[in-house]
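Chains as they are written, first to last, in this note's numbering: chain A, 1 to 453; chain B, 1001 to 1453. Just so you know, even glycine gets a beta-carbon here, dropped at the ideal spot from N, CA and C. For clarity, every value in this text was computed on a predicted model and none was experimentally measured.
Protein chains: 2
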Amino acid sequence: MTRPSIPKGTRDFTPEEMSRRNYIFDTIRSVFRLYGFQQIETPAMENLSTLLGKYGEEGDKLLFKILNSGDWLSSLSSDDMSYLTSNSASTLISEKGLRYDLTVPFARFVVQNRDKIQFPFRRYQIQPVWRADRPQKGRYREFYQCDVDVVGTDSLLCETELIQIVEEVYRRLGIRVCLHLNNRKILAGIAEILGEAERLTDITVAIDKLDKIGSEGVNQELLAKGLSEDTVNRLQPILNLQGDNGEKLGQLAYILKDSETGMKGIEETKEVLRLCKSAGVKLDIMLDISLARGLNYYTGAIFEVKALDVEMGSITGGGRYDNLTGIFGMPGVSGVGISFGADRIYDVLNQLNLYPEHSSEQTQLLFAHFGEAEREYCLTIANALRSKGINTEVYPDICKIKKQMNYADQKHIPFVAIVGSDEISSGTVMLKNMLTGEQQAVQSDSIAEIITL
Amino acid sequence: MTRPSIPKGTRDFTPEEMSRRNYIFDTIRSVFRLYGFQQIETPAMENLSTLLGKYGEEGDKLLFKILNSGDWLSSLSSDDMSYLTSNSASTLISEKGLRYDLTVPFARFVVQNRDKIQFPFRRYQIQPVWRADRPQKGRYREFYQCDVDVVGTDSLLCETELIQIVEEVYRRLGIRVCLHLNNRKILAGIAEILGEAERLTDITVAIDKLDKIGSEGVNQELLAKGLSEDTVNRLQPILNLQGDNGEKLGQLAYILKDSETGMKGIEETKEVLRLCKSAGVKLDIMLDISLARGLNYYTGAIFEVKALDVEMGSITGGGRYDNLTGIFGMPGVSGVGISFGADRIYDVLNQLNLYPEHSSEQTQLLFAHFGEAEREYCLTIANALRSKGINTEVYPDICKIKKQMNYADQKHIPFVAIVGSDEISSGTVMLKNMLTGEQQAVQSDSIAEIITL
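Right under this line is the structure:
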């Protein structure tokens, strides 16, 4: 019989991996809570009507669709078959899909539960999402997202708080990062003063590649897309902004002075930076006008966070959207949010070897014993230790001490209490520190003290 | 536009519900860890070959199947259509399904990862499962299971530890429970001494209904199934066992004296009860020979836990299985486990009103302010409080105090720090206790002390 396997692009998480993942999730969650964000969960399955058309044509193809229960086949008459495509036939035999991200379900949640929600609504959500992407290194078909959003206010204090959250999460994790900041209105302003407001997408898609292909490459692409040489020339000072954030904003204010939208974007960015200063943010924030991400629904600030000491794409990103709930019939609800990429953070922590040595999930003490009477003796002491909050195991089988020690070793249990008949008579255990190899006879009521030192 | 909705049988969880659910999960998880259990996670999607045939014919129908990506339609030629049923056609266009429980994925995990695992393997797993059941009150198509299992040992200490875990979880939650205990070998022994070993399933299915239909009803059912009157008569003393666990086991030992299997079941049960006593278990444990649950794979102890103060089915259940991994080609791995039913525990806690008043997830303090300068003043104080671990919000918008107070009220935030120009000049805040209505001027560096009292 061949070993069973799991679908490609999915993963099992072993105890060791889970303990590292929990460390990341717990850190993120505790910072979210510190800022008054509250958790929600939405179902894994959404109606396809909720999901379809929200992620572009490519996204629609990447949705995992659930086959209807019961007699789905009768919805496909043989007549149908001749002119149906897999795509069009899907909607006949499937009405549910797995969520593709947490943003659309969140928008759906807000609209559906608007009467129960207190606005401004501060929510976080940590759940898996599924995409039928071609699996490849670092890209999975099931992965967790950690999203945090405020909706129902356009206060720029929210942008500031998200930046504070980024700073605090990465401070706690020990990862040095830089936050790239842009504003959709600045991008719109640039297109406007170039006289190409209609081609905002072409322009930003090209600019977005600046750090990969350089300004020469960007120019080539824009010319290829049909922009005039004159227009491309006028873009150059923008691509080559120099100096710190204040200096760049100064130059931009001059360049965009005739664009109301552009000037608004500059004002918003200045205000976010000012509020960050007031709030004592020390994080490295860099104005990056090449940053576009998900341009389609962002309307204000755009964020992206990169680790400084590891080559890795964005590990956190997000922005402000003014009309996310509009697609579900509730217009005019402005919101801003960011998403932490748990898998990439996991890889960064692994590469930098930044995981804490001990985890609260680990067994701290194993009782190893020479026989039945000894095992019995362990039970009461083990209970007393557990009531002090110490994770304790009693080896379940009666077997050689060597096997029991080996188990402790493999499981990285830091202390073993060995019990033979001598220990029973003296009310002690032989306590072995598995790291140093030292062992000493210890009164059973002193064990807790020693191992929690 | 009609409001968006979610698939029937699924649920959104609001912040208030999540905080209650997290309370349950955190309690269960912390007890699991205390006994050295470690978390794993498996993918939501499993290959259908892993799932099919594991839950009976009915179970196969209740699996949610994922439509293959890409051109699935070409797998269904028009020729096929004429003789295919929905069931047989499913396997042509779907090769993945959503997990139906945590037990089969766990068995698959153990076999697949056998080289990475240290046996005896103590794992817990808290994840949702999906079943295409007809939705009804209290039955959902997506719900969480909390499973804890030890595999790779047949030591009865494991049964004992699971009973200790049950005791500790419900002690922490404040729910009074009774644990029903049986053993599959006792049931097999009963069928054997009745001369009906082959009809173990019929007999236990009938006995299982004892507390619903009474012994008269059980007899009727057995006669209807074709058992002789004589056989049914010989079953009576077993159905009417009286006394405490020791007395019942004494009577059973007499009745089952000619069945080796039955006597083994009695020995195992006695040993579990003896170990429980040694381990100081005070839980109400009742030998219940009518308990059968999932007879198909249990081979030893069978557990079920019921709340004493609420009418509710089983809130926890499980048992020992000697060959769970056999279906995946790894025979001879004995294990024992239990599963906590989070949804029912949630309902019990609601009915008994047993949730703690304050949750660590809640915002403890809101800053309300009269304008921009005041809001700015709040930022620094808010940071200082957060660095002390206090969940703090600053109201993001500049708006009427009444609106801000209303927000705090609706969100059950216990303290509000009101800031006007007077407070800025004196370095204070006006701290209002939202429960008592009292308010006092407080130096900003004394806020933490007061609200954590």
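Outcome for residue i when other beta-carbon atoms lying within 10 angstroms are tallied against a minimum of 16
i	result
A382(A)	buried
T1201(B)	exposed
Q1136(B)	exposed
P7(A)	buried
A368(A)	buried
T354(A)	One detail in the question is off: residue 354(A) reads as Leu in this sequence, not Thr. Under this definition L354(A) is an exposed residue.
A307(A)	buried
A1224(B)	exposed
K1257(B)	exposed
E1198(B)	exposed
A1373(B)	exposed
E438(A)	exposed
Contacts that residue i makes with chain A (C-beta to C-beta distance below 7 Å)
i	result
K1411(B)	Q118
Q1443(B)	Residues of chain A passing the Cβ test: none, with the nearest at roughly 20 Å.
D1397(B)	T153 and S155
I1024(B)	Within 7 Å Cβ-Cβ: nothing; I1024(B) doesn't reach chain A, min ~13 Å.
V1111(B)	R3 and P4
Chain B residues whose Cβ lies nearer than 9 Å to that of residue i
i	result
M18(A)	Q1038, Q1039, I1040 and E1041
E84(A)	Note that residue 84(A) is Leu in the sequence shown, not Glu. In chain order: L1073.
F81(A)	Contrary to the premise, residue 81(A) reads as Met rather than Phe in this sequence. Those are L1073, L1076, S1077, S1078 and M1081, listed as they occur along chain B.
Residue i versus residue j: straight-line alpha-carbon distance, rounded
i	j	result
V111(A)	E1142(B)	22 Å
S75(A)	E16(A)	47 Å
N240(A)	V166(A)	28 Å
L379(A)	Q1118(B)	22 Å
S82(A)	E46(A)	29 Å
C146(A)	I126(A)	4 Å
F1340(B)	R1033(B)	15 Å
D347(A)	Y1298(B)	41 Å
Q440(A)	D409(A)	18 Å
E192(A)	S1088(B)	58 Å
V218(A)	D230(A)	14 Å
D1149(B)	R1108(B)	14 Å
K1277(B)	L1283(B)	10 Å
K1264(B)	P396(A)	20 Å
P1120(B)	H412(A)	14 Å
K1403(B)	G335(A)	19 Å
Y100(A)	W130(A)	5 Å
G1280(B)	T1042(B)	35 Å
G1138(B)	T1316(B)	15 Å
A1044(B)	P1105(B)	9 Å
Residue j beta carbon less than 8 Å from that of residue i
i	j	result
Y35(A)	A342(A)	no
G1292(B)	I1207(B)	Note that residue 1292(B) corresponds to Ala in the displayed sequence, not to Gly. Taking 8 Å as the Cβ cut-off, A1292(B) and I1207(B) qualify as a contacting pair.
L1157(B)	L1052(B)	no
M330(A)	R114(A)	yes
V310(A)	Q351(A)	yes
I418(A)	M434(A)	no
T1010(B)	Y1140(B)	yes
N1068(B)	S1086(B)	no
I424(A)	Y377(A)	yes
L1084(B)	L73(A)	yes
G1097(B)	K1054(B)	no
Beta-carbon neighbours of residue i, restricted to chain A and to distances below 9 Å
i	result
E1271(B)	Within 9 Å Cβ-Cβ: nothing; E1271(B) doesn't reach chain A, min ~11 Å.
A1044(B)	T10, A44, L98, P128, W130 and E142
V1305(B)	Simply none; closest approach about 20 Å.
Presumed contact (8 Å Cβ cut-off) between residue i and residue j, rounded CB distance
i	j	result
V333(A)	V151(A)	5 Å
T392(A)	Q364(A)	7 Å
T50(A)	P1128(B)	Not quite, the Cβ-Cβ distance comes to about 18 Å (not below 8 Å), so this is no contact.
H180(A)	D288(A)	4 Å
E1268(B)	N1183(B)	6 Å
Q39(A)	M1018(B)	4 Å
I255(A)	I24(A)	About 41 Å; that fails the 8 Å criterion.
Proximal chain D residues relative to residue i, where beta-carbon distance stays under 7 Å
i	result
A279(A)	Of the chains in the structure shown, none is chain D; the protein chains are A and B.
Contacts of residue i in chain A (Cβ-Cβ under 8 Å)
i	result
S1094(B)	L67
Contact set between residue i and chain B, taken where Cβ atoms lie within less than 7 Å
i	result
R108(A)	P1004
A89(A)	L1073
F340(A)	Those within 7 Å of F340(A) in chain B number zero; the least Cβ separation is about 18 Å.
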